[in-house]
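K.L.:
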Amino acid sequence: MTGFTTTESLAAYMPEQNIDTDAIYPARYLLLMEREGLGPYLFHDRRFHGDGTPKEGFILDLEPFSKAQVLVAGAGFGCGSSREQAVWALTGFGVRCVIAPSFGEIFAGNALKNGLLTIALPEEVVARIGAAAQRGARFRIDLEECILCVDNEIVATIDLPEGQRMALLNGWDETDVLLQEEGDAISGFETRHRMAQPWLFQGST
Amino acid sequence: MGRTLYDKLWDSHVIRSYDDGSALLYVDRHLLHEVSTPQSFIAIEKKGRSVRRPDANLAVPDHVVSTTNRHLPIADPLARAQTQRLVENVARHKIPFIPLDDQRQGIVHVIGPEQGFTLPGITLACGDSHTSTHGAFGCLAFGIGASECGIVMATQAIRQQRTKTMRVNLVGLQSPFINAKDIALAFIARIGANGAAGHAVEYAGPVVAKMSMAERMTLCNMSIEAGARVGLIAPDDQTFDYLRGRPMAPKGEMFEHALTYWRTLPSDADAQFHRELTLDVSDVEPHVTWGTSPEDAAPIGARVPSPEDLTEATRRERRRRALAYMDLKPGDPLEAIAIDVVFIGSCTNSRIEDLRAAAAVVAGRHVAAHVKAIVVPGSGLVREQAEREGLAQTFLDAGFEWREPGCSMCVGMNGDRLEPGQRCASTSNRNFEGRQGVGGRTHLMSPAMAAAAAVTGRLTDVRKLMGGKP
Ligand code: SF4
Chain R
112 MTGFTTTESL AAYMPEQNID TDAIYPARYL LLMEREGLGP YLFHDRRFHG DGTPKEGFIL
172 DLEPFSKAQV LVAGAGFGCG SSREQAVWAL TGFGVRCVIA PSFGEIFAGN ALKNGLLTIA
232 LPEEVVARIG AAAQRGARFR IDLEECILCV DNEIVATIDL PEGQRMALLN GWDETDVLLQ
292 EEGDAISGFE TRHRMAQPWL FQGST
Chain P
23 MGRTLYDKLW DSHVIRSYDD GSALLYVDRH LLHEVSTPQS FIAIEKKGRS VRRPDANLAV
83 PDHVVSTTNR HLPIADPLAR AQTQRLVENV ARHKIPFIPL DDQRQGIVHV IGPEQGFTLP
143 GITLACGDSH TSTHGAFGCL AFGIGASECG IVMATQAIRQ QRTKTMRVNL VGLQSPFINA
203 KDIALAFIAR IGANGAAGHA VEYAGPVVAK MSMAERMTLC NMSIEAGARV GLIAPDDQTF
263 DYLRGRPMAP KGEMFEHALT YWRTLPSDAD AQFHRELTLD VSDVEPHVTW GTSPEDAAPI
323 GARVPSPEDL TEATRRERRR RALAYMDLKP GDPLEAIAID VVFIGSCTNS RIEDLRAAAA
383 VVAGRHVAAH VKAIVVPGSG LVREQAEREG LAQTFLDAGF EWREPGCSMC VGMNGDRLEP
443 GQRCASTSNR NFEGRQGVGG RTHLMSPAMA AAAAVTGRLT DVRKLMGGKP
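One line per chain: the protein sequences are R and P, in this order.
Here the numbering used here is used: position 163 in the first sequence is 274, and no number is missing along the way.
Here the numbering used here is used: position 172 in the second sequence is 194, and no number is missing along the way.
(1) Rank P:399, P:483, P:307 by C-alpha distance to the C-alpha of residue 422 of chain P and give the top, closest one.
(2) Chain P partners of residue 126 of chain R, CB-CB under 7 Å?
(3) Here's the rule: buried if 16 or more other CB atoms are within 10 angstroms of the residue's CB, otherwise exposed. What is residue 438 of chain P?
(4) Would residue 276 of chain P count as contacting chain R if we go by Cβ distances under 8 Å?
(5) Any idea which residues DSSP pairs residue 394 of chain P with across the strands?
(6) Within 10 angstroms of the Cβ of residue 30 of chain P, are there 16 or more other Cβ atoms? Answer buried if so, exposed if not.
(7) Less than 7 Å between C-beta atoms, sequence neighbours within five positions excluded: which residues of the same chain meet that for residue 416 of chain P?
(8) Taking residue 196 of chain P as the reference, give the member of P:218, P:231, P:187, P:183 with the closest Cα.
(9) Return yes when at least one heavy atom of the ligand SF4 lies under 7 Å from the C-beta of residue 85 of chain P, else no.
(10) Using alpha carbons as the reference points, say which of P:479, P:209, P:183 lies closest to residue 193 of chain P.
(11) For the ligand SF4, is there any heavy atom lying closer than 7 Å to the beta carbon of residue 155 of chain R?
(12) Can you list, in chain order, the residues of its chain whose CB lies under 7 Å from that of residue 187 of chain R, leaving out five sequence neighbours each side?
(13) So does the region 130 to 140 of chain R actually touch the region 187 to 206 of chain R, counting three or more Cβ pairs closer than 8 Å?
(14) Measure from the alpha carbon of residue 6 of chain P to the alpha carbon of each residue in P:427, P:444, P:440, then state which is nearest.
(15) Locate the beta strand (DSSP E) running through residue 164 of chain P, then write down its first and last residues.
(16) Less than 8 Å between the beta carbons of residue 226 of chain R and residue 114 of chain R, yes or no?
(17) Give the straight-line distance between the Cα atoms of residue 322 of chain P and residue 175 of chain P, rounded to the nearest whole angstrom.
(18) Does the ligand SF4 have even one heavy atom less than 7 Å from the beta-carbon of residue 150 of chain P?
(19) So, helix, strand or coil for residue 293 of chain P, using DSSP?
(20) Go ahead and label residue 142 of chain P buried or exposed: buried means 16 or more other beta carbons lie within 10 angstroms of its beta carbon, across all protein chains shown.
(21) Taking buried to mean at least 16 other C-beta atoms within 10 Å of its own C-beta, is residue 185 of chain R buried or exposed?
(22) Which residues, in order along the region 379 to 412 of chain P, keep a beta-carbon less than 7 Å from a beta-carbon of chain R?
(23) Is there a C-beta anywhere in chain R that falls below 8 Å from the one on residue 41 of chain P?
(24) Which residues, taken in chain order from the region 174 to 208 of chain R, show a beta carbon closer than 7 Å to some beta carbon of chain P?
(25) So, residue 140 of chain P versus residue 149 of chain P, is the Cβ gap smaller than 8 Å?
(26) Can you list the alpha helix (DSSP H) stretches of 4 or more residues lying completely in the region 135 to 201 of chain P, in chain order?
(27) Whose C-beta lies closer than 7 Å to the C-beta of residue 26 of chain P among residues of the same chain, with five residues either side of it excluded?
(28) Does the Cβ of residue 52 of chain P lie closer than 7 Å to at least one heavy atom of the ligand SF4?
(29) Along the chain, where does the alpha helix (DSSP H) that runs through residue 305 of chain R open and close?
(30) Which runs of the alpha helix (DSSP H) at least 4 residues long sit entirely within the region 212 to 287 of chain P? Give them in chain order.
(31) Does the Cβ of residue 40 of chain P have 16 or more other Cβ atoms within 10 Å, making it buried, or fewer, making it exposed?
(32) Measure the alpha-carbon distance for residue 66 of chain P versus residue 157 of chain P and round it to whole angstroms.
(33) Taking DSSP as the reference, what is the three-state secondary structure of residue 319 of chain R?
(34) Since residue 360 of chain P and residue 253 of chain P should fall inside the 8 Å C-beta cutoff, what is the C-beta to C-beta distance between them, to a whole number of angstroms?
(35) For chain R, check one thing: does any of its Cβ atoms lie closer than 8 Å to the Cβ of residue 168 of chain P?
(36) Out of P:36, P:60, P:79, P:97, which one is the CA nearest neighbour of residue 87 of chain P?
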């Protein structure tokens, strides 16, 4: 995956609460088995009529916000289904960071695996920077310094567990890391676990 | 100090703890379906990795499969290809598989417990948010994304942040026709679709103790709709009785050995939860949703609420949008809402107990003339049992369609979906915009309530229909 260090861009504001992953990526496109090129399906049914013609007025289709790499949203962003396509569609569209009071937990975990930064901030702060986003403020997010600036003013520090921050900065493949660094620990645990709860290993040889 | 069930499950699976409060957890079980895993296998194979413990996995197609004409290939070429991809992937990696034409096939969250793949004390992951269902057995079960499915298959481990704990005490008397679904909707309406975010929710109290395993699964299933990734219920004798003799559960002496351990799992008497709340179910009425979030739920006797009742602008706007999408007017009685379709099924409510509850309502009655009503059992075994018990015939006599198992109309990605503008009384779990098909309108409710709606053609208080007092 690609790492995340900094990004600087306009931000699109969707103040609505509980924007679910069905809205972000409708279920019928889960039949596609790719993970690349899903940007066109992002918020599909809010952006397009049934016949494929565009609907007017969706924020990510309005200039200048169609180029926004930052999305500011209401609480519960990404709740609902675990579909990682919601994240792939966002990154495919060019979104690199979502700021909201809270996130669907599975969505936030998926984001992390794909270099999409999620920043949870108090509701008042999100409302304030959302209003700034609507005015066309520049957002700058620096994950090395752990700061979020809006029009050059630091508005928040980014408080992320260190493991997640390092994974994002470096764009590591988590499976590689686990197998290299924890392979022995996993095997050791497995042996002890097998002794303690042998019924969980009855199918293994 | 005592530990909660969650603490015990967590502690017993920690491979390594990290300074930032996260831990690497061992994953005992992984359930796979066709939709969540194509990209996971690509990721595994691109790096030439293998599946660490094939026997710790179980795969089944459910989401995109057809619920009619099973003797024919799946009509949609994309759905057919995705199902076929699962067949090939599991064959290459020697993962235990239940094929589409197998009697045991069904929705992952129905077949896991049914086969005894789900057990107390384990960690269980699946690329599906309703994996919370399995927590009804006293295990740590949670939904993951496709990348994580690949990580779990390759390493048998997953890095997680420890969450806070919440205990929901269900007290009082559960009246007839009040189902776990009503209680879940009442709970979500109270705390909000995001209200339990960051928490593992343990349901406890005398009401839970008396609930069937099916009702417990309904309750845990809906936890994700309150924002909680994990739902939990302490295992008890009913849990153990359910599991005894299941094909993949331990047998004989090994079962007794496991039992000794499982009995240590319930939260200790002095365990502390981060949050605790009590819900008196004596006051819970049959619930239906009127909006586009599971939190938009109300007792059937209520009226469609007004956006103007809300002071906060974005919430008001959200409600306006929901009512516009649902084509409902503030002040309309919920009981006056006419429906076009009834769906009884999904991992929330497609078990034999659910079908019995629905059949009891439709017996001797008929589906309203303008309504299309389908029953989709959660698995082939549920279907078979329902046929044995005569429930299938009851449904057919009443004018329902009796389908083959699968996710069906819970999610608009297989042959079963709503047409734009159609309104559905549904026993599924999500009423999001477009969830059951583009432009489709969903009202969530219990199986008995959906059955009542089928009969009258509108949202109905099942207690009135059955001659009881509302
Ligand atoms: S029945 Fe619905 S909620 Fe359950 S697994 Fe299938 S699609 Fe998901």
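Even for Gly, the Cβ is constructed at its ideal location relative to N, Cα and C.
P.N.:
Straight from the coordinates:
(1) Ranking the options by Cα distance to residue 422 of chain P, first place goes to P:399.
(2) 336, listed in chain order.
(3) Residue environment: residue 438 of chain P is assigned as buried (16 or more neighbouring CB atoms within 10 Å of its CB, all protein chains considered).
(4) Output row for residue 276 of chain P: interface = yes.
(5) Paired residues: P:363.
(6) Residue 30 of chain P is buried by the Cβ-count criterion.
(7) Cβ contact annotation for residue 416 of chain P (same chain, cutoff 7 Å, sequence separation greater than five): 381, 384, 385, in chain order.
(8) Relative to the Cα of residue 196 of chain P, the nearest Cα in the group P:218, P:231, P:187, P:183 belongs to P:231.
(9) At least one heavy atom of the ligand SF4 is nearer than 7 Å to the Cβ of residue 85 of chain P, so yes.
(10) Checked all of P:479, P:209, P:183; the closest Cα to residue 193 of chain P is P:209.
(11) Because no heavy atom of the ligand SF4 lies under 7 Å away, the Cβ of residue 155 of chain R does not count as near it: no.
(12) Same-chain partners within the cutoff: 128, 129, 213, 215.
(13) As far as the Cβ criterion goes, the region 130 to 140 of chain R touches the region 187 to 206 of chain R, which means the pair count is three or higher.
(14) It is not possible to answer for residue 6 of chain P, since the shown part of chain P is limited to 23 through 492.
(15) 162 to 165 is the extent of the beta strand (DSSP E) around residue 164 of chain P.
(16) Yes, the pair counts as a contact, with Cβ atoms nearer than the cut-off.
(17) Cα to Cα, the separation comes out at about 45 Å.
(18) Result yes, Cβ under 7 Å from the ligand SF4.
(19) DSSP places residue 293 of chain P in the coil class of the three-state scheme, outside both helix and strand.
(20) Under this definition residue 142 of chain P is a buried residue.
(21) Classification for residue 185 of chain R: buried.
(22) Taking a C-beta cut-off of 7 Å against chain R, none of the residues of the region 379 to 412 of chain P qualify.
(23) Yes, residue 41 of chain P counts as interfacial toward chain R.
(24) In summary, the residues of the region 174 to 208 of chain R whose CB is separated from some CB of chain P by less than 7 Å are 185, 186, 187, 190, 191, 192, 193, 195, in the order they occur in the chain.
(25) A distance of 8 Å or more separates the beta carbons of residue 140 of chain P and residue 149 of chain P.
(26) Scanning the region 135 to 201 of chain P for uninterrupted alpha helix (DSSP H) segments of 4 residues or longer gives 168 to 177, listed from N- to C-terminal end.
(27) Here the set comprises 187, 224, 289, 293, 295.
(28) Incorrect: residue 52 of chain P has no Cβ contact closer than 7 Å to the ligand SF4.
(29) Taken as a continuous stretch (DSSP letters only), the alpha helix (DSSP H) holding residue 305 of chain R covers 285 to 307.
(30) Counting only runs of 4+ residues, the alpha helix (DSSP H) found wholly inside the region 212 to 287 of chain P occupies 228 to 232, 235 to 243, 259 to 265, 274 to 284, in chain order.
(31) Residue burial is scored here from C-beta neighbours: residue 40 of chain P has fewer than 16 other C-beta atoms within 10 angstroms and is therefore classed as exposed.
(32) Rounded to whole angstroms, the gap between the alpha carbons of residue 66 of chain P and residue 157 of chain P is 28 Å.
(33) The requested residue 319 of chain R is not part of the displayed model; chain R covers only 112 to 316.
(34) Taking 8 Å as the upper bound for CB-CB distance, residue 360 of chain P and residue 253 of chain P are not in contact here, some 34 Å apart.
(35) Put simply, the CB of residue 168 of chain P is near chain R, with a gap under 8 Å to one of its CB atoms.
(36) Checked all of P:36, P:60, P:79, P:97; the closest Cα to residue 87 of chain P is P:97.
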